[in-house]
Amino acid sequence: MSLDKIFKSEPKSINDIFVKDRNLGFYMPAYQRPYSWNHENINNLIDDIESSFDNLLQSDEAIIFLGTLLTVDDDKGESIYRKDEAILPERIKLIVDGQQRITTLILLLTVLHEAMLKGESALQSDIKNVEQDAMKSHFQALHRQIKGLINQTGGYPIESALGEDEYRYLPKVIRSMHGLQEGHELKYDRWGDNNDIGRYQSPLSQYLFRFQSNLLNQSGKFKELDLKQFSGPEMTLIRKNIEFMRKVFKEAPNLVLGVRRNEDDELIEFCELGNKHLQDCIHFNVNRELYDCEALSDKTKNLVNIAAFASFVLHRICVTFVTVNSESYAFDMFEALNTTGEPLTAFETFVPRVIEHLQSKDDLNAECEYKKINSISARFEELSSNEAKNKQTEKIIIAFMRAYNGKIPKTKVPSQREALLSSYNSCNSLAKDKYLEHFKQTVDLIFDTWNKGEIEGLCSDNDTEIFSLCLNYLVDIKHTISLSLLAQFKIKDSMLEDKEDRVQLVNAIKAITAYSVLWRAMSGKADGIESEYKAIHSKITNVDGNEIGPFKLEGANEYGIDLDGLKKYLSNSLSQKIKSKNPKDGEIKAKWIEVCAQSPLLEKKIESNRLLIMAAMHNLDVAGGVYQSSYDFKNEVLNIDTWNELKLEKNSISKIYNPKVAGVTSLGWNVDGSINKDQYIGNVFVDIAGRFKSSDKQSWTALRSSMKVHIEELELVFAEKNVKSLKTSLIAEARFAAKMQDIAYIEEWNEETINFRSEKLLSNAWDNLISWMN
0 MSLDKIFKSE PKSINDIFVK DRNLGFYMPA YQRPYSWNHE NINNLIDDIE SSFDNLLQSD
60 EAIIFLGTLL TVDDDKGESI YRKDEAILPE RIKLIVDGQQ RITTLILLLT VLHEAMLKGE
120 SALQSDIKNV EQDAMKSHFQ ALHRQIKGLI NQTGGYPIES ALGEDEYRYL PKVIRSMHGL
180 QEGHELKYDR WGDNNDIGRY QSPLSQYLFR FQSNLLNQSG KFKELDLKQF SGPEMTLIRK
240 NIEFMRKVFK EAPNLVLGVR RNEDDELIEF CELGNKHLQD CIHFNVNREL YDCEALSDKT
300 KNLVNIAAFA SFVLHRICVT FVTVNSESYA FDMFEALNTT GEPLTAFETF VPRVIEHLQS
360 KDDLNAECEY KKINSISARF EELSSNEAKN KQTEKIIIAF MRAYNGKIPK TKVPSQREAL
420 LSSYNSCNSL AKDKYLEHFK QTVDLIFDTW NKGEIEGLCS DNDTEIFSLC LNYLVDIKHT
480 ISLSLLAQFK IKDSMLEDKE DRVQLVNAIK AITAYSVLWR AMSGKADGIE SEYKAIHSKI
540 TNVDGNEIGP FKLEGANEYG IDLDGLKKYL SNSLSQKIKS KNPKDGEIKA KWIEVCAQSP
600 LLEKKIESNR LLIMAAMHNL DVAGGVYQSS YDFKNEVLNI DTWNELKLEK NSISKIYNPK
660 VAGVTSLGWN VDGSINKDQY IGNVFVDIAG RFKSSDKQSW TALRSSMKVH IEELELVFAE
720 KNVKSLKTSL IAEARFAAKM QDIAYIEEWN EETINFRSEK LLSNAWDNLI SWMN
């Protein structure tokens, strides 16, 4: 196909776009964002027009260029929701980029149209007062020009030969579905030549329709459209912008919009409207003999100024008008042009495909599906910047596509768009409904649960504590690669009506968290864990003779996403990693402990180590140096309150022996700092209140003495009758003080002690975490 058949590009004035082609209609697809230009945007536009108007006095090249208007040919109206094929404009173009500018300009034309209609009576009165035939002729010529401009600024509606009353004129611009009314009625626009077919519910088309109705129903003195009838919140911005523009053009005597200029600005005199090349450029001619005519009233001069301004808008504001033969080309071109509008996210270009599908459904089912799209769209509108929207879209699409078909799109927007559209288009009608439901579940998971920590309804009340802990851990280490699995098990749970039966997601998040902590403990980093997640979504893995995976939603495969299979896969993956780190014979747990006991876990303060330390001390009684399981309240440290306290006090995880603080030659220390034993987990203690932080070098004897006092004081906390009602920080401090009982009575802190303690803590951590995977 030749390039000229793929796209065409040409410069066009506002007159070319709105007036000359009376049978051209514009349609805004559902992915177009709501109108958002405000007073500041409009004020800047009018300032630009004033400045360019001044420049025309010196140069006939002065124009205002408003960028590119990017459209797609759709003369058959194939993209129009619930169209009536008998009542369509001859030509239709979808607006891909430029809707903010198009909307503002058409509003501006309506305001100028009304302003000239209001001022016309003053000119008619002046004509009556002129006695000289030659001068009367000049006035009449001026009147004809202004009449022409009135027709041009009001000439944008599309006339329907069979239209009834106000439905005879079709609004120049309408848009696709854009919301729900009360009573759950879908809101959308549809061109029609009577009350049964015509439907104008978007803010712009509603305004344009009522504006035209007001013109048709005039009798006697002209009256502007009453804006009080636009009372709904969605009409607020258009109403305020119209009010602002009306105020601007209310008075401009003797000057072209001079009323808006600063006192120091050089003003255009009325007589300068006779400048020859100015007249040629704006196609508006004022005979010089009118300037000094006493019959020319100030109101008529004001009318002439507004008419000159309107003519400038029509003929000197221009765009590059680009027409493309398909939306996919249009989106690519939109991004390449880097236009003034915000780039559309992959989700926004996905919306029209959903709406096309909805056209084949009855109202009730379409309403249900549209609620989902509306709900998702509303979430993105809450985001303050386009950058935030694109980041969230990327996170959602990568998580969803991996969950859906095991494929991961590139981070570029075109790749994300193609992945979403091609997978959706390959579904049959029923599968498309399920696809949208799964997509919404993923969006809800990321916006509500991942971003905000909301878990209500995702698990039983008994599981909220552990769910919240695991979620906070995954979010804090930015473990977004786990989102695909979480989305899959959220979807699995959503298929169950009874909330108490929804246990797969909470068990999945526990298994994923344990897997991550145990894996990272061996090296302190991700160390290839991403490929393990990718594999479970993309291929079959054989575990002990059982085929597991691929975990994906495509083709009703959600029934094959199995919690037991996930745990087996993660356990096998972890075992293989441990064996690669420690190939010697032996039990997996012992091999893992041997690797981690020599890992510098205290070298960096990372989130995975925080949870590892909590698991190492959870339900562990260490009194007298005897390590044994204990399920007393004081030993429960694997909970969200403790996590938050440790997160709040960033320096609470400390080293017992710290070569930077401890007096190496002081009494009680016997650790070789050169071999990094201080970074082993056996050298850890947790000091939430910061009681033992000191820049002074101190001996082990002094530190141990302080610990004994601290332990004795905090033991009293658990003697309180209402201990559970105490501050969480105090409870956490007391719990960790109890974990010092194994070290506070040791005469010498040495490498043997650190090694012994490392093994005991790691053994307890393994037991607590591996239970989440079994």
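The opening position of the sequence shown corresponds to residue 0 in numbering that gives the first Met the number 0, with each subsequent residue numbered one higher. Positions of the beta carbon are idealized from the N, C-alpha and C atoms, including for glycine. All values derive from a computational prediction rather than experimental measurement.
Where the alpha helix (DSSP H) containing I86 begins and where it ends
Within the sequence shown, numbered from 1, the residue matching residue 86 stands at position 87. Unbroken run through I86: none, as it is neither H nor E.
Assign I753 to one of three DSSP states: helix, strand, or coil.
The residue you call residue 753 lines up with position 754 of the sequence shown. Note: I753 maps to helix in three-state DSSP.
Helix, strand or coil: which one does DSSP assign to P10?
Taking the sequence shown and counting its residues from 1, one reaches residue 10 at position 11. Here P10 sits in strand by DSSP.
Am I right that V797 and L601 are in contact with their C-beta atoms under 8 Å? What's the rounded C-beta distance?
A question about residue 797 goes unanswered here, because the residues of the chain that appear run from 0 up to 773.
Quick one, which of I753, D584 and I592 has its alpha-carbon nearest W668's?
Your numbering for residue 668 matches position 669 in the sequence shown. Checking every option, the nearest Cα to that of W668 belongs to I753.
Under DSSP, the beta strand (DSSP E) around L473 begins and ends at which residues?
On the sequence shown, residue 473 is found 474 positions in, with the first residue counted as 1. From DSSP, L473 is part of no beta strand (DSSP E) but of the alpha helix (DSSP H) over T463 to D475.
Using only alpha-carbon positions, find the residue among I173, L69, Q678 and I577 that is nearest to P202.
For the purposes of this step, residue 202 is taken as residue 203 along the sequence shown, with counting starting at 1. In terms of Cα proximity to P202, the closest of I173, L69, Q678 and I577 is I173.
Using the Cβ count rule (16 or more neighbours within 10 Å means buried), how would you classify N216?
Start at 1 with the first residue of the sequence shown, and residue 216 comes out as number 217. Classified as exposed, N216 has fewer than 16 neighbouring CB atoms from the shown chains inside 10 Å of its CB.
Taking the alpha-carbon positions, what's the Q57 to S50 distance?
Along the sequence shown, one-based indexing puts residue 57 at 58. Along the sequence shown, one-based indexing puts residue 50 at 51. Our two residues, Q57 and S50, have alpha carbons roughly 12 Å apart in a direct line.
CB contact flag (Y30, E347, <8 Å):
Indexing the sequence shown from 1 puts residue 30 at position 31. Indexing the sequence shown from 1 puts residue 347 at position 348. Yes, the pair counts as a contact, with Cβ atoms nearer than the cut-off.
Return the CA-CA distance between S762 and K588, expressed in angstroms with no decimal places.
If you number the sequence shown from 1, residue 762 lands on position 763. If you number the sequence shown from 1, residue 588 lands on position 589. Annotation: S762 to K588 spans about 8 Å, alpha carbon to alpha carbon.
Just list the residues that DSSP pairs N42 with in beta bridges.
Start at 1 with the first residue of the sequence shown, and residue 42 comes out as number 43. For N42, which the question treats as bridged, DSSP gives no partner whatsoever.
Quick one: what does DSSP say D192 is sitting in, helix, strand or coil?
In the sequence shown, residue 192 corresponds to position 193, counting from 1. Residue state, collapsed to three classes: coil.
Just checking my contact of L760 with M616 at CB under 8 Å: how many whole Å lie between their CB atoms?
Numbered from its first residue, the sequence shown carries residue 760 at position 761. Numbered from its first residue, the sequence shown carries residue 616 at position 617. Correct: roughly 7 Å between the Cβ atoms.
Let me know the beta strand (DSSP E) ranges lying completely inside the region 479-529, each 3 residues or longer, listed in chain order.
If only complete runs of 3 or more residues are kept, the region 479-529 shows no beta strand (DSSP E) anywhere.
Near G585, what residues of its chain come up, given a Cβ to Cβ distance below 7 Å and the 5 sequence neighbours on each side ignored?
Against the sequence shown, residue 585 aligns to sequence position 586. Listed in chain order, the non-local C-beta contacts of G585 below 7 Å within the same chain number zero, local neighbours out to five positions each way being set aside.
DSSP beta-bridge partners for L68?
Your numbering for residue 68 matches position 69 in the sequence shown. Among the bridge pairs identified by DSSP, L68 is matched with F320.
Out of curiosity, what's the CA-to-CA distance linking I680 and K633?
Start at 1 with the first residue of the sequence shown, and residue 680 comes out as number 681. Start at 1 with the first residue of the sequence shown, and residue 633 comes out as number 634. It is roughly 21 Å from the alpha-carbon of I680 to the alpha-carbon of K633.
Compute the distance between the beta-carbons of N14 and L313, then report whether it is under 8 Å.
Numbered from its first residue, the sequence shown carries residue 14 at position 15. Numbered from its first residue, the sequence shown carries residue 313 at position 314. Between N14 and L313, the CB-CB gap stays under 8 Å.
In this structure, does DSSP put I101 in helix, strand or coil?
Stepping through the sequence shown from its first residue, residue 101 is reached at position 102. Helix.
Spatially closest choice to N471 from A510, N643 and F6, by CA coordinates
One-based indexing of the sequence shown puts residue 471 at position 472. When only C-alpha atoms are compared, the closest one is N643.
Along the alpha helix (DSSP H) that carries R703, what are the first and last residues, could you check?
Residue 703 sits at position 704 when you count from the first residue of the sequence shown. Segment W699 to E714, the alpha helix (DSSP H) holding R703.
Given V110, which residues of its chain have a CB within under 7 Å of its CB, disregarding the five upstream and five downstream residues?
Within the sequence shown, the letter at position 111 stands for residue 110. Around V110: I241, M244, R245 and F248.
Taking only the alpha-carbon atoms, compute the straight-line gap between S572 and Y403 and give it to the nearest angstrom.
Position 573 of the sequence shown, counted from the first residue, corresponds to residue 572. Position 404 of the sequence shown, counted from the first residue, corresponds to residue 403. The straight-line gap from Cα to Cα measures roughly 22 Å.
Is the beta carbon of E165 sitting closer than 8 Å to the one on S212?
On the sequence shown, residue 165 is found 166 positions in, with the first residue counted as 1. On the sequence shown, residue 212 is found 213 positions in, with the first residue counted as 1. For the pair E165 and S212, the CB atoms are nearer than the 8 Å cut-off.
Whole-angstrom distance between N389 and L768, CA atom to CA atom:
Within the sequence shown, numbered from 1, the residue matching residue 768 stands at position 769. Within the sequence shown, numbered from 1, the residue matching residue 389 stands at position 390. Roughly 36 Å between the two C-alpha positions.
Just grab the DSSP bridge partners of V683 for me.
Within the sequence shown, the letter at position 684 stands for residue 683. Bridge partners of V683: K654.
Report the residue from L713, E751, W771 and A718 whose alpha carbon sits nearest the alpha carbon of K738.
Looking up residue 738 in the sequence shown gives position 739. Taking each of L713, E751, W771 and A718 in turn and checking the Cα distance to K738, the smallest one comes out for L713.
Is it true that the CB of F320 sits closer than 8 Å to the CB of K19?
To locate residue 19, count along the sequence shown from 1; it is residue 20. To locate residue 320, count along the sequence shown from 1; it is residue 321. Not a contact, by the Cβ cut-off of 8 Å.
Start-to-end residues for the beta strand (DSSP E) that takes in T540:
Residue numbering aside, residue 540 sits at position 541 when the sequence shown is read from its first letter. Where T540 is concerned, the enclosing beta strand (DSSP E) stretches over T540 to V542.
From the DSSP output, in three-state form, read off V670 for me.
As a position in the sequence shown, residue 670 is number 671, starting the count at 1. In the three-state scheme derived from DSSP, where H, G and I count as helix and E and B as strand, V670 is classed as coil.
Alpha-carbon spacing of V670 relative to G623, whole angstroms
By 1-based counting over the sequence shown, the position of residue 670 is 671. By 1-based counting over the sequence shown, the position of residue 623 is 624. Spanning the alpha carbons of V670 and G623 requires a straight line of approximately 22 Å.
Taking 8 Å as the cut-off, decide whether the C-beta atoms of F399 and F438 are in contact.
For the purposes of this step, residue 399 is identified with residue 400 of the sequence shown, where counting begins at 1. For the purposes of this step, residue 438 is identified with residue 439 of the sequence shown, where counting begins at 1. Yes, the pair counts as a contact, with Cβ atoms nearer than the cut-off.
In angstroms with no decimal places, state the Cα-to-Cα distance between K360 and L435.
Position 361 of the sequence shown, counted from the first residue, corresponds to residue 360. Position 436 of the sequence shown, counted from the first residue, corresponds to residue 435. K360 and L435 have their C-alpha atoms spaced approximately 15 Å apart.
Buried or exposed: where does E84 fall if 16 or more other Cβ atoms within 10 Å of its Cβ makes it buried?
The residue given as residue 84 occupies position 85 in the sequence shown. Exposed.
Buried or exposed (CB count within 10 angstroms, at least 16 for buried), L485:
Indexing the sequence shown from 1 puts residue 485 at position 486. Buried: at least 16 other Cβ atoms inside 10 Å.
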